[in-house]
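Undergrad:
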Amino acid sequence: MSQKKVDYYKQAKANRKREEKKKNLRKAFDYTILGLIALAIVVWIGWSAYDMYESKQPRAVAEVDYSAVSDYIQSLNTAE
Numbered sequence: 001m002s003q004k005k006v007d008y009y010k011q012a013k014a015n016r017k018r019e020e021k022k023k024n025l026r027k028a029f030d031y032t033i034l035g036l037i038a039l040a041i042v043v044w045i046g047w048s049a050y051d052m053y054e055s056k057q058p059r060a061v062a063e064v065d066y067s068a069v070s071d072y073i074q075s076l077n078t079a080e
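For the sequence shown, position 12 (counting from the first letter as 1) is numbered 12 according to the UniProt record's numbering, and the numbering increases by one without interruption.
1) Does DSSP put residue 102 in a helix, in a strand, or in coil?
2) Along the chain, where does the alpha helix (DSSP H) that runs through valine 69 open and close?
3) Tell me which same chain residues have a C-beta within less than 6 Å of the C-beta of tyrosine 31, skipping the five on either side of it?
4) Under 8 Å between C-beta atoms, does leucine 34 make it to chain B?
5) Do you know how far the Cα of phenylalanine 29 is from the Cα of valine 6?
6) Does DSSP put valine 6 in a helix, a strand or coil?
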């Protein structure tokens with residue numbers, strides 16, 4: 001082997017652990033981002049399904065009796 005090849009091999013061997021650590025860190029980062037994207041898609045689908053379900057449910061209607069308020073206002077007007 002030529003000296004150039006030997007030097008390259010020594011340098012590659014010296015940097016091997018650092019390069020492996022960098023590669024593993026990048027892989028973990030990629031998997032984390034991929035997991036977050038997948039989670040966001042699942043949450044979005046779940047939210048959409050829940051919204052569709054709720055929109056089909058009948059709405060509760062409340063009826064308010066204002067007769068007591070009307071009587072009170074009318075009594076105030078007649079007192080003047």
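All C-beta atoms, glycine included, are put in the ideal place defined by N, C-alpha and C.
TA: Judging by the given coordinates:
1) The requested residue 102 is not part of the displayed model; the chain covers only 1 to 80.
2) The count along the sequence shown starts at 1 and reaches residue 69 at position 69. Valine 69 -> alpha helix (DSSP H) spans 67-79.
3) Position 31 of the sequence shown, counting from 1, holds the residue named residue 31. None.
4) Although the question refers to chain B, the structure presented lacks it and comprises just one protein chain.
5) In the sequence shown, counting from the first residue as 1, residue 6 sits at position 6. In the sequence shown, counting from the first residue as 1, residue 29 sits at position 29. Their backbone Cα atoms lie some 34 Å apart in a straight line.
6) Counting from 1 along the sequence shown, the entry for residue 6 is found at position 6. For valine 6, the secondary structure class from DSSP, reduced to helix, strand or coil, is helix.
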